[in-house]
Every structure is written in C-alpha cells, then in structure tokens.
Amino acid sequence: MINIALCIYSAVKLKLIMQKIVIFFTLIQTFSVLGTADLEVGFYQDSCPNTEQIVRSTMEQHYSADLKIAPAILRLHFHDCFVRGCDGSVLISSSSSEKTSPFNAGLSGFEVIDDAKNRLESGCPGIVSCADILALAARDTGGPSWEVATGRRDGSVSSALDTFNLPTPFDSVAVLKQKFLAKGLSAQDLVTLTGAHTIGRAECRLVSYRLYNYTGKGDVDPSINTNFANILSMQCPRKGSGRNLIPMDTGSPDVFDSTFFFNVVQGNGVLESDQKILDDMSTRAYVRTYAGFDQAANSFESAFADAMQKMGGIEVKTGSEGNIRKVCSVLN
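In terms of the working numbering, the sequence shown opens at residue 14 and continues consecutively.
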C-alpha cells in the first residue's frame with residue numbers, strides 16, 4: 014500500500030512539474046511573439062515630433078472623403094501583423110508580394126499610408142517607418158483611442174507564400190484560436206478583434222454559400238436567423254456576381270460600437286466565423302458581455318484598445334533589424 018501511495022504521489026508531483034514547464038514555455042513563446050517591450054510611446058518625439066499629428070490629419074482627410082477607409086486600414090494593419098509581424102510587408106508591391114495573395118484579396122487603403130509617408134518624408138526624411146505609419150493610422154480610424162508605442166522597423170521580405178496561415182472567414186473557431194495563440198493572442202483577443210467588423214462591408218462571395226449551399230446540398234446555414242437569411246438573399250442573389258457589398262453590422266455599419274455583438278447573439282452575423290464565436294464555449298461569454306447581456310467588467314471599446322496594442326506588438330523589428338523604407342510600396 015505504501016509503494017502504491019508513493020507511486021501515486023510521484024505521478025501527481027510529476028504531472029504538476031510538467032504543467033509548470035508547459036506554462037513556462039507558453040509564456041516564453043508569448044513574450045517572444047509580442048515585442049511591445051522593444052517599442053516606446055513617443056519614439057519620434059525628438060527625431061520627428063509631428064509624426065502622430067501628420068498621420069492623424071492624413072487619416073482624417075481621407076476618411077472624410079470615404080468612410081470605407083477606416084475598416085480598410087484596420088484590416089490592412091491586421092493582415093500586416095499576422096504575416097511576419099507588424100513590419101509593413103503587406104504594403105510592398107511586386108509580382109509575388111503578400112499583396113498578391115488570394116488571402117489578401119480586397120485589401121485597400123494603401124494610398125493613405127503612401128500619402129502620410131510622403132508628408133513625413135518631406136520634413137523628416139528616412140526617419141518614420143511605414144510599419145509605424147500603419148499602426149498609427151489604425152488607431153486613428155474613428156473608434157476608441159489608445160497609445161501607440163512606436164519604433165518599428167520595416168521588413169525586407171514580402172512573399173505571398175507567407176500568407177497561408179492568415180485567419181479566414183471560413184476557419185472554425187478552433188482553428189482561429191490556434192492562429193491567434195501562435196501570435197500571442199487569447200480567445201478574448203479573438204472575439205475583441207473580430208469586433209472590428211462593427212464597421213465595414215463584406216462581398217457577397219463570402220456569404221452566398223451560407224445562403225444557398227452550406228453543406229453542398231442546397232441548404233442554408235442553420236446558425237443564421239431565418240429573417241436575416243431572407244434579407245441577405247435579397248442583397249446577395251443566387252446568380253449574382255458575388256461582388257455586392259453588404260454591411261457586417263446591419264445596425265450601424267459606419268459607427269464603431271458594440272451593435273455587432275448584439276447582432277451575432279441574434280443570429281445576424283454576416284460572416285460564418287463571426288457567427289461561430291457564439292457557439293464556442295471559450296468565446297461565447299465575451300460575445301454576450303460585449304453585446305450587453307452579461308455584466309461587463311470592461312467595455313468592448315476599452316478591450317478593443319487593449320487588444321490592438323497587443324496585436325501591434327507582434328514580432329516587431331526594432332533596433333538594427335529591418336530598415337526604414339523611402340517608399341512604403343518598394344523594398345529598399
């Protein structure tokens with residue numbers, strides 16, 4: 014009996030040790046992915062003190078002319094950070110750059126970053142990175158504000174082959190969580206950043222299969238509210254081009270708020286990945302909290318600001334890494 018007890022004690026102790034080892038290496042991986050400690054708020058205070066003001070005024074000018082700029086810049090920043098880190102590699106124009114990948118189809122807003130870069134180069138040549146301009150522009154999209162730590166350097170590689178692990182609207186929640194975890198982001202970050210869909214629109218080609226052929230049998234995705242499915246069918250006809258744009262937040266598509274999450278709870282999520290975050294046990298509570306159904310310790314807006322700060326620190330290049338591009342779309 015004593016030997017059995019000793020064996021059980023040893024097994025339990027070994028299990029606890031292994032759990033601590035797993036936690037330790039998980040923390041190591043997270044800190045190696047998130048490089049925010051290498052960035053600094055006010056990095057350009059001495060070298061180019063008007064950096065943030067110039068980026069903000071550029072964003073305001075473009076946004077006033079086209080409301081679609083705000084969601085475009087948020088998406089651009091997200092797609093940049095999830096491939097090789099937040100290094101501006103998504104901005105490169107070449108025959109095989111990230112921009113050419115089918116996973117980056119529909120990306121826009123490049124002209125805003127180019128405009129801000131040109132304004133900065135006229136007064137501070139070779140100082141401000143394109144990666145930092147994009148991170149600052151994402152903050153100035155009309156939603157909640159946050160401090161953007163800067164000091165990123167631009168990447169020297171941009172390949173479409175590196176984009177195949179980007180999160181997509183067709184991924185399951187389990188796959189999305191894995192992709193976010195690989196970048197040091199949690200299940201809550203997944204839900205929170207999905208909330209960026211409170212502004213912007215999606216093409217019908219990303220939705221039509223849910224309306225007409227969900228399982229290959231001419232059926233409708235059962236997670237869609239029936240009335241909402243009928244509305245979507247009118248906006249995205251069966252034999253349409255698939256290019257029609259539909260708002261991802263039917264209540265207030267041009268206002269940054271939490272209505273998006275209320276829609277999801279009601280079965281009115283446009284993208285399948287948006288709707289599925291309600292079905293997963295690890296993400297459902299955050300959806301309901303942001304929708305206003307449960308007591309919220311932190312509002313969606315403040316949580317979004319925190320998540321964007323975390324995302325903006327993914328695998329950043331600082332110090333002697335990378336370079337400062339002269340033109341954002343061209344490698345030095």
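All residues carry an ideal CB built from backbone N, CA and C; glycine is no exception.
query: Ordered list of alpha helix (DSSP H) runs contained in the stretch 104–174, each at least 4 residues; result: 123–136 and 143–152
query: Alpha-carbon to alpha-carbon, residue 214 and residue 279; result: 19 Å
query: Stretch-stretch touch, CB-based, cutoff 8 Å, three pairs: the stretch 325–337 with the stretch 90–99; result: yes
query: Inter-residue Cα distance where the pair is residue 118 and residue 181; result: 11 Å
query: Assigned exposure category for residue 112 - 16 Cβ within 10 Å defines buried; result: buried
query: Test item: CB-CB of residue 237 and residue 251 under 8 Å; result: no
query: Residue 101 and residue 197 closer than 8 Å at C-beta; result: no
query: Environment of residue 66 [buried if 16+ CB atoms lie within 10 Å]; result: exposed
query: Run of the alpha helix (DSSP H) containing residue 84, from where it starts to where it stops; result: 82–94
query: Residue closest to residue 335, alpha-carbon to alpha-carbon, out of 134, 171, 276 and 80; result: 171
query: Where the beta strand (DSSP E) through residue 216 begins and ends; result: 214–216
query: 8 Å Cβ cutoff met for residue 141 and residue 147; result: no
query: Member of 221, 75, 317 and 277 whose CA lies at the smallest distance from the CA of residue 256; result: 221
query: Residue 243 classed as buried or exposed, judged by whether at least 16 other C-beta atoms fall within 10 angstroms; result: exposed
query: Through-space distance from residue 69 to residue 153, alpha-carbon basis; result: 6 Å
query: Counted within 10 angstroms of its Cβ, other Cβ atoms place residue 187 as buried (16 or more) or exposed; result: exposed
query: Option in 281, 337 and 110 with minimal Cα separation from residue 174; result: 110
query: Between the CA atoms of residue 291 and residue 185 - distance to the nearest angstrom; result: 12 Å
query: First and last residue of the uninterrupted alpha helix (DSSP H) at residue 244; result: 239–248
query: Per-residue burial, residue 230 [other beta carbons within 10 Å of its own, 16 or more giving buried]; result: exposed
query: Beta-carbon contacts of residue 276 that lie in its chain and below 7 Å, excluding the five residues immediately before and after; result: 262, 263, 264 and 282
query: Environment of residue 78 [buried if 16+ CB atoms lie within 10 Å]; result: exposed
query: Where residue 327 sits in the DSSP three-state scheme; result: strand
query: Opening and closing residue of the beta strand (DSSP E) in which residue 258 lies; result: 258–260
query: Simplified DSSP assignment, three categories, for residue 334; result: coil
query: Residue 32 (DSSP reduced to helix, strand or coil); result: Any reading at residue 32 is ruled out, since the residue's pLDDT is 44, under 50, leaving its predicted position unreliable.
query: Same chain, Cβ closer than 6 Å to residue 39, five either side skipped, listed in chain order; result: Residue confidence for residue 39 is low, a pLDDT of 44 falling below 50, so the modelled location carries little weight; the figure read from the coordinates is stated next. Correct list: empty, nothing qualifies.
query: Endpoints, alpha helix (DSSP H) assigned at residue 300; result: 294–304
query: Rounded C-alpha distance that separates residue 212 from residue 62; result: 31 Å
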